[in-house]
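Novice: Attaching a single structure in structure tokens format; questions to follow.
Protein chains: 2
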Amino acid sequence: MIRKEIKKDFDMAECSVRNILDRFGDKWSLMVIDLLREGKLRYSELDNKIESISQKMLTVTLKSLETDGLISRKVYPQIPPRVEYTLTELGQTLLPAIDMLKKWAADSMPAILAARSKMATPSAP
Amino acid sequence: MIRKEIKKDFDMAECSVRNILDRFGDKWSLMVIDLLREGKLRYSELDNKIESISQKMLTVTLKSLETDGLISRKVYPQIPPRVEYTLTELGQTLLPAIDMLKKWAADSMPAILAARSKMATPSAP
DNA sequence: CAGTATCCGCTCCGATACTG
DNA sequence: CAGTATCGGAGCGGATACTG
Chain A
772 MIRKEIKKDF DMAECSVRNI LDRFGDKWSL MVIDLLREGK LRYSELDNKI ESISQKMLTV
832 TLKSLETDGL ISRKVYPQIP PRVEYTLTEL GQTLLPAIDM LKKWAADSMP AILAARSKMA
892 TPSAP
Chain B
772 MIRKEIKKDF DMAECSVRNI LDRFGDKWSL MVIDLLREGK LRYSELDNKI ESISQKMLTV
832 TLKSLETDGL ISRKVYPQIP PRVEYTLTEL GQTLLPAIDM LKKWAADSMP AILAARSKMA
892 TPSAP
């Protein structure tokens, strides 16, 4: 049935990377966290800042981040409604890692793009 | 047509996170890089270590990482064939960021799981 | 051993419409 | 304003079979 039955000991090691990807490998979670670093933002502000996200995915992403205790949601009971999102302490602990990734990307993307385009046109010497 | 036409200035900021996710948000790339940290591995060794990967995805992942200059592929022309994969220097520069993420995951996963299960059973006080 | 080739299910996510 | 509900397409990735 399954190609590789029950896993072996290594899965303990792969588990860590797997968990990170399962949690943040989606399209928007990391971006929302990164955006909230400066402080609170309303639903509509997030919607505007992430131009390309759909309402559905913004809602889903916010809900899952809240469920996992990474952001908190504060509702002001008024008309029209006002909802503000902020990072929790747990969520803030992610920021250094995000910064490191962003720094790596800034430093390395040129090299990656260069390697990628070189592959595209091998043009042997 | 498109909900949010051409993006605005913010996309310059989101771009960084987007690029990282586009490159490493897939299911296996980060894991392969993490596995190669200790040194060279053969195709079959990677296949064995990542119990749950299919041959197709291993091949695809390795090829894309090679295309982007993150790993290198060395073929020994013999029968049966022998192919070894190693991290390039560029690939190695990713390791500190991966370590940071793994450390964060190790430290924070318990809190995340706790928050997640609390949401599942609200059982108001 | 180290792949290729093909088929296809399933999840992710965007578009659209509607609501309190 | 801040969502919810529903539909449907695209593509990621697994299973399987085959090759040099």
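Those protein sequences? They're chains A and B, same order as listed.
Per my numbering, the very first residue in the first sequence carries number 772; after that it's consecutive.
Per my numbering, the very first residue in the second sequence carries number 772; after that it's consecutive.
In this text, a Cβ means the ideal position worked out from N, Cα and C, and glycines have one as well.
Keep in mind it's a predicted model, so treat the numbers as computed, not measured.
Could you spell out where the beta strand (DSSP E) holding Ile842 (chain B) opens and where it closes?
Specialist: Along the second sequence, one-based indexing puts residue 842 (chain B) at 71. Note, Ile842 (chain B): beta strand (DSSP E), Ile842 to Tyr847.
Novice: Put Leu833 (chain B) into one of helix, strand or coil per three-state DSSP.
Specialist: The sequence position of residue 833 (chain B) within the second sequence is 62, counting from 1. It is helical.
Novice: Is Asp878 (chain A) buried or exposed, if buried means 16 or more other CB atoms sit within 10 Å of its CB?
Specialist: Position 107 of the first sequence, counted from the first residue, corresponds to residue 878 (chain A). Flag for Asp878 (chain A) reads exposed.
Novice: For Glu822 (chain B), report the span of its alpha helix (DSSP H) as first-last.
Specialist: What you label residue 822 (chain B) is simply residue 51 of the second sequence in a count that begins at 1. It is not in any alpha helix (DSSP H) - Glu822 (chain B) carries neither H nor E in the DSSP assignment.
Novice: How about Met802 (chain A): is its C-beta nearer than 7 angstroms to some C-beta of chain B?
Specialist: Stepping through the first sequence from its first residue, residue 802 (chain A) is reached at position 31. Yes, Met802 (chain A) counts as interfacial toward chain B.
Novice: Compute the Euclidean distance between the alpha carbons of Pro881 (chain A) and Arg794 (chain B), then round it to the nearest angstrom.
Specialist: Locating residue 881 (chain A) in the first sequence gives position 110, counting from the first residue. Locating residue 794 (chain B) in the second sequence gives position 23, counting from the first residue. If you take the alpha carbons of Pro881 (chain A) and Arg794 (chain B), they lie about 13 angstroms apart.
Novice: With distances taken between CB atoms, is the gap from Val788 (chain B) to Leu807 (chain A) smaller than 7 angstroms?
Specialist: Residue mapping note: residue 788 (chain B) aligns to position 17 of the second sequence, counting from 1. Residue mapping note: residue 807 (chain A) aligns to position 36 of the first sequence, counting from 1. Result no, Cβ atoms of Val788 (chain B) and Leu807 (chain A) do not sit closer than 7 angstroms.
Novice: Tell me the rounded alpha-carbon separation between Thr838 (chain B) and Ile883 (chain A).
Specialist: The count along the second sequence starts at 1 and reaches residue 838 (chain B) at position 67. The count along the first sequence starts at 1 and reaches residue 883 (chain A) at position 112. Going from the Cα of Thr838 (chain B) to the Cα of Ile883 (chain A) covers about 8 angstroms.
Novice: Pull up the distance between the alpha-carbon of Ile824 (chain B) and that of Glu816 (chain B), whole angstroms please.
Specialist: Numbered from 1 along the second sequence, position 53 holds the residue referred to as residue 824 (chain B). Numbered from 1 along the second sequence, position 45 holds the residue referred to as residue 816 (chain B). So the alpha carbons of these two residues sit roughly 12 angstroms apart.
Novice: Residues of chain A with CB under 8 angstroms from Arg887 (chain B), in chain order?
Specialist: Taking the first residue of the second sequence as 1, we reach residue 887 (chain B) at position 116. Those within 8 angstroms of Arg887 (chain B) in chain A are Thr838, Asp839 and Gly840.
Novice: Using a Cβ-Cβ cut-off of less than 8 angstroms, list which residues of the stretch 853-867 of chain A approach chain B; keep chain order.
Specialist: Within the stretch 853-867 of chain A, the residues whose Cβ lies closer than 8 angstroms to some Cβ of chain B are Leu861, Thr864, Leu865 and Pro867, listed in chain order.
Novice: Give the secondary structure of Leu858 (chain B) by DSSP, where H, G and I count as helix, E and B as strand, and everything else as coil.
Specialist: Counting from 1 along the second sequence, the entry for residue 858 (chain B) is found at position 87. Correct three-state label for Leu858 (chain B): strand.
Novice: Return the residue from the list B:Ala886, B:Ser843, B:Lys874 and B:Leu861 that minimises the CA-CA distance to Thr735 (chain A).
Specialist: Chain A is shown only over 772 to 896; residue 735 (chain A) falls outside these bounds and no answer can be derived.
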